[in-house]
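Peer 1:
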Amino acid sequence: MARKQDKPAKAARDKRKDKAGKSAAKAGGKLKKKEYEAQLEPMQVELNRLHRWLQHAGKRLLVLVEGRDTAGKGGVISAISDCLNPRSCHVVALPKPTERERGQWYFQRYVPHLPAAGEITLFDRSWYNRAGVEKVMGYCSEAEYEAFLRQVPVFERLLVEDGILLFKYWLSVDQDRQEERFAERAADPLKRWKLSPVDLKAREKYREYGEARDAMFRATHSDYAPWTVVDFNDQKRGRLAMIRHLLERLPDVSVPEPAFELPPLKGKPGREQFRGGVRPINA
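Here the sequence shown is numbered in my numbering, starting from 46 and rising by one per residue.
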């Protein structure tokens with residue numbers, strides 16, 4: 046299907062991307078919040094344009110976000126999803142499988158969450174759990190692990206051949222930064238829920254996780270479903286880099302946005318009134 050590009054919109058987008066890219070490339074300290082937000086906002090506008098195109102063209106976008114503990118998977122997924130319509134942008138973070146799910150074909154529990162036409166699905170960890178935590182922590186057998194590495198390229202080829210736009214990201218973080226984030230979570234009651242007994246056991250297996258990741262890359266990195274590694278030692282810069290990468294690899298298409306006009310109200314604006322003994326709580 047031929048897709049027409051809106052030249053003025055494309056030029057404006059290229060200018061914004063160039064400016065954001067130059068700013069992100071500056072050497073030195075941590076990215077300040079205001080600078081981060083200034084770079085993120087135009088990307089979120091582009092994400093909305095992308096979402097409209099997906100809905101207009103009936104396309105499906107699937108993004109797998111993998112990485113080490115504390116890398117920042119939830120943060121980048123929120124940066125993408127928070128500005129999009131939750132009815133057609135879905136975040137999937139599955140708990141450990143039930144007893145019934147453990148008796149199914151391994152990929153079966155993930156299939157119902159794949160995107161339909163016009164939808165975006167963001168997996169906060171995915172079927173690659175088997176190649177990571179399950180392999181390193183001994184939650185699957187060697188036969189199950191080897192079967193997974195054989196089957197996943199076939200599974201992903203089927204998804205891509207059916208028209209799903211598939212992106213796989215690995216978020217990288219050094220162990221010293223990981224330890225800082227573990228300590229921050231342990232000290233902050235609002236973040237303590239992010240820690241689990243598995244996380245604590247995994248702290249001593251940093252090298253083993255790296256070896257498992259490399260084996261996973263060798264078996265599952267392909268032309269039709271490649272991996273992209275993003276440095277998340279600085280989470281703000283990492284989010285910007287990943288979102289920029291995603292936008293640059295999808296069609297730059299402008300779909301007309303419906304214009305809404307709000308005519309003046311007839312009469313004075315109404316005020317809330319409650320009856321039946323119900324009263325609002327005041328701030």
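A virtual CB, placed ideally from N, CA and C, is assigned to each residue, including glycine.
Would Arg170 and Tyr151 be called neighbours here (beta carbons separated by less than 8 Å)?
Peer 2: For Arg170 and Tyr151, no; Cβs fall outside 8 Å.
Peer 1: Taking the C-alpha atoms as reference points, what is the distance between Thr273 and Gln220?
Peer 2: 20 Å
Peer 1: Would Leu245 be called buried (16 or more neighbouring beta carbons within 10 Å of its own) or exposed?
Peer 2: Leu245 is exposed by the Cβ-count criterion.
Peer 1: My parser needs the beta strand (DSSP E) runs of 3 or more residues fully inside the stretch 142–171; what are they?
Peer 2: 165–169
Peer 1: If you draw a straight line from the alpha carbon of Lys104 to that of Lys141, how long is it in whole angstroms?
Peer 2: Here the C-alpha atom of Lys104 lies approximately 30 Å from the C-alpha atom of Lys141.
Peer 1: Taking the continuous alpha helix (DSSP H) assigned at Val90, which residues delimit it?
Peer 2: From DSSP, the alpha helix (DSSP H) with Val90 extends over Lys78 to Ala102.
Peer 1: For Lys49, collect the residues of the same chain with a Cβ closer than 7 Å to its Cβ; drop the 5 residues on either side in sequence, then sort them by chain order.
Peer 2: Only weak support exists for where Lys49 lies, its pLDDT of 43 falling under 50; the value from the coordinates is given anyway. Excluding residues within five positions, none has a Cβ falling inside 7 Å.
Peer 1: Tell me where the beta strand (DSSP E) around Asp276 begins and ends.
Peer 2: Trp272 to Asp276
Peer 1: Exposed or buried, Trp172, counting other C-beta atoms within 10 Å across all chains shown (16 or more means buried)?
Peer 2: buried
Peer 1: Determine the extent of the alpha helix (DSSP H) in which Val121 is found, giving its start and end residues.
Peer 2: Secondary structure note for Val121: its alpha helix (DSSP H) is the uninterrupted segment Lys118 to Ser126.
Peer 1: Might you give, ordered along the chain, the residues of its own chain that have their beta carbon closer than 6 Å to the beta carbon of Leu194, omitting 5 neighbours on each side?
Peer 2: Ala264
Peer 1: To the nearest angstrom, report how far apart Lys311 and Arg324 are at their CA atoms.
Peer 2: Cα atoms of Lys311 and Arg324: separation of roughly 28 Å, rounded to the nearest angstrom.
Peer 1: Quick check on the DSSP output: the alpha helix (DSSP H) that includes Phe200 runs from which residue to which?
Peer 2: Annotation: the continuous alpha helix (DSSP H) that includes Phe200 extends over Glu187 to Glu206.
Peer 1: Kindly identify the DSSP beta-bridge partner or partners of Gly112.
Peer 2: Looking at the DSSP output, Gly112 sits in a beta bridge with Leu216.
Peer 1: Take Gly120 and list the residues in its own chain whose beta-carbon comes closer than 7 Å to its own, dropping the five residues that flank it on each side.
Peer 2: Gln280 and Arg284
Peer 1: Here's a check: name, in chain order, each residue in its chain whose Cβ is nearer than 8 Å to the Cβ of Met392, leaving out the five neighbours to either side.
Peer 2: What is shown of the chain runs 46 to 328, which leaves residue 392 out entirely.
Peer 1: Between Tyr254 and the rest of its own chain, which residues show a CB-CB distance below 6 Å, the 5 nearest in sequence each way excluded?
Peer 2: So the qualifying residues of the chain are Val181.
Peer 1: Return the first residue and the last residue of the beta strand (DSSP E) that Val136 is part of.
Peer 2: It spans Cys134 to Val137 - the beta strand (DSSP E) in which Val136 sits, taken as one unbroken run.
Peer 1: Starting from Gly255, follow the alpha helix (DSSP H) in both directions and report where the run begins and ends.
Peer 2: Tyr251 to Thr265
Peer 1: Look at Leu210 and Leu95 and say whether their C-beta atoms are less than 8 Å apart.
Peer 2: no
Peer 1: Taking C-beta to C-beta, are Glu91 and Leu292 nearer than 8 Å?
Peer 2: yes
Peer 1: List the DSSP bridge partners of Leu211.
Peer 2: Paired residue(s): Leu107.
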